[in-house]
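Structure record follows, encoded as structure tokens.
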Amino acid sequence: MRRREFIAFAAGATIWPLTVQAQQAPTVGLLRGTKAPEDYIDALRGGLGQSGYVDGKNVTIDIRDADGKRERLSELTADLVRRRVAAIVANTDAVASAIAATKTIPIVFVTGSDPVTAGFVRNLNRPGGNVTGVSFFSAALASKRLEILRELVPQAGTIALLVDPNFIRTDAEVREIGAAGQALGLKIVVFKASTDRDVDAAFVAMVQGKVGGALVGAGEFLGRRYRQVVQSAAEHKIPSIHVQRLHSEAGGLLSYAASVTDAYRRAGVYIGRILKGEKAGDLPVELPTKFELVINLATAKALGLTVPRSLLARADEVIE
């Protein structure tokens with residue numbers, strides 16, 4: 008083989024693997040503090056599909072969850088960064104870890120927190136840097152939940168508010184519910200829970216205080232312990248309204264919230280746009296547009312409650 012031909016061959020041999028590597032399907036990391044419900048993952052896939060990306064074909068979703076052990080998040084995040092994933096989708100528990108780990112890999116958060124108050128971005132319209140996302144937070148929801156619960160238990164004069172004292176928005180939530188309760192002529196009693204024992208003790212105290220119903224607040228701890236909260240409310244026969252649809256699916260009486268499933272779909276849309284070349288920091292943080300009222304009729308019957316027709320007519324889903 009002549010020297011010139013050999014150089015051309017060697018150059019081709021070097022370029023060929025790089026070309027193949029460039030054509031490999033990008034990997035998107037899904038980083039969460041807890042296991043993602045399957046409908047969230049399906050919704051993420053659906054959003055990606057709007058840009059022509061199909062999981063397992065021309066994109067790969069690498070799911071990492073800390074199984075409730077927040078100390079594992081930094082390790083999981085570091086591994087995604089080492090793998091040089093094309094983008095990271097992170098929930099509320101995980102987004103701070105992702106932001107701390109990389110300033111170059113695009114991050115799309117899905118959160119129930121106020122992204123500015125939580126420090127995820129400085130500005131909703133122009134987040135800047137490598138971060139944007141979708142928030143299903145709405146300040147008006149807390150007072151709306153109180154109105155819905157009041158409609159179901161109009162005879163109640165005292166309503167309990169169960170909160171996570173370590174959640175960033177708890178103080179604001181207490182103020183909002185307090186003001187809404189005063190406007191409705193209701194007494195609001197606040198119970199704090201940051202351990203499993205606290206949850207059990209709070210519901211015992213609610214019974215002793217003869218509350219007519221309970222609002223379950225937002226926050227990471229109560230979100231992870233939603234099954235225990237739902238079971239305690241049922242055991243002590245306290246009508247309760249919750250912050251996510253899956254709480255009603257687990258037996259909670261009512262839930263009213265922005266759709267988390269829709270938020271994951273919209274995150275998928277953003278990831279698709281980023282994979283096609285747009286910058287995360289140029290994409291405005293999306294706020295909730297779809298809200299869901301879910302009523303668990305089986306739980307209402309177990310509590311001896313008759314759900315008003317007006318409430319049933321407004322429900323997005325009624326669980327028999």
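In our numbering, each number is its position in the sequence shown, counted from 1, plus 7.
No residue lacks a Cβ here, since even glycine has one placed at the ideal position from N, Cα and C.
Owing to the predicted nature of the structure, the values given are computational and were not obtained by experimental measurement.
Taking the alpha-carbon of residue i as reference, which of the options has the nearest alpha-carbon?
{"i": "G119", "options": "S266, L282 and R52", "result": "S266"}
{"i": "A149", "options": "D49, L222, T67 and H254", "result": "L222"}
{"i": "I326", "options": "Y263, S255, L312 and T313", "result": "S255"}
{"i": "Q235", "options": "A257, I248 and G220", "result": "A257"}
{"i": "L38", "options": "D74, Q57 and S58", "result": "D74"}
{"i": "L156", "options": "D171, H249, D289 and R204", "result": "H249"}
{"i": "G140", "options": "V128, V292, L229 and E242", "result": "V292"}
{"i": "K194", "options": "V66, T202, R182 and D205", "result": "R182"}
{"i": "S104", "options": "L80, A147, V123 and I114", "result": "L80"}
{"i": "A240", "options": "G63, L191, A307 and G192", "result": "A307"}
{"i": "G224", "options": "S247, M213, F116 and V211", "result": "S247"}
{"i": "E299", "options": "L83, F143 and L229", "result": "F143"}
Pull up the distance between the alpha-carbon of residue i and that of residue j, whole angstroms please.
{"i": "R272", "j": "Y47", "result": "8 Å"}
{"i": "T41", "j": "V92", "result": "20 Å"}
{"i": "Q28", "j": "G126", "result": "Residue confidence is low: Q28 scores 40 on pLDDT, short of 50, so the model does not pin down where it sits. Its coordinate-derived value is still stated next. Each residue's Cα considered, the two are about 36 Å apart."}
{"i": "K217", "j": "G164", "result": "9 Å"}
{"i": "G135", "j": "D100", "result": "21 Å"}
{"i": "G54", "j": "R77", "result": "27 Å"}
{"i": "L253", "j": "E227", "result": "15 Å"}
{"i": "P98", "j": "I278", "result": "The sequence given here places Asn at residue 98; Pro does not occur at that position. Roughly 14 Å separates the two Cα atoms."}
{"i": "R321", "j": "S262", "result": "12 Å"}
{"i": "G59", "j": "I166", "result": "48 Å"}
{"i": "A287", "j": "D207", "result": "43 Å"}
{"i": "L51", "j": "D269", "result": "9 Å"}
{"i": "L168", "j": "P315", "result": "23 Å"}
{"i": "I68", "j": "R89", "result": "16 Å"}
{"i": "Q189", "j": "R152", "result": "15 Å"}
{"i": "T202", "j": "R231", "result": "11 Å"}
{"i": "P44", "j": "L260", "result": "20 Å"}
{"i": "N132", "j": "V138", "result": "12 Å"}
{"i": "L319", "j": "A305", "result": "13 Å"}
{"i": "V61", "j": "Q238", "result": "39 Å"}
What's the call for residue i, buried or exposed, on a 16-neighbour Cβ count within 10 Å?
{"i": "G4", "result": "This structure does not reach residue 4, given that the chain is present from 8 up to 327, and the question cannot be answered."}
{"i": "S338", "result": "A query on residue 338 cannot be resolved here, the shown segment of the chain reaching from 8 to 327 and no further."}
{"i": "N303", "result": "buried"}
{"i": "N173", "result": "exposed"}
{"i": "E180", "result": "buried"}
{"i": "P122", "result": "buried"}
{"i": "P295", "result": "buried"}
{"i": "G284", "result": "exposed"}
{"i": "Q251", "result": "buried"}
List the endpoints of the continuous alpha helix (DSSP H) containing residue i.
{"i": "F298", "result": "No alpha helix (DSSP H) contains F298, which is instead part of the beta strand (DSSP E) from F298 to N303."}
{"i": "S255", "result": "R252 to E256"}
{"i": "F228", "result": "E227 to R231"}
{"i": "I48", "result": "E45 to G56"}
{"i": "A179", "result": "T177 to L191"}
{"i": "Y277", "result": "V267 to L282"}
{"i": "L319", "result": "R316 to R321"}
Going by DSSP, what residue range makes up the beta strand (DSSP E) through residue i?
{"i": "L222", "result": "G220 to V223"}
{"i": "F210", "result": "Note, F210: premise wrong, no beta strand (DSSP E); alpha helix (DSSP H) at D203 to Q215."}
{"i": "T399", "result": "No answer is possible for residue 399: the residues shown for the chain start at 8 and end at 327."}
{"i": "H249", "result": "S247 to H249"}
Does at least one heavy atom of the ligand ATP sit under 8 Å from the Cβ of residue i?
{"i": "S81", "result": "The model depicted lacks the ligand ATP and carries no ligand whatsoever."}
> Which full runs of the alpha helix (DSSP H) of 4+ residues lie inside the stretch 86-171, going along the chain?
Replying inline: 99-108 and 148-159
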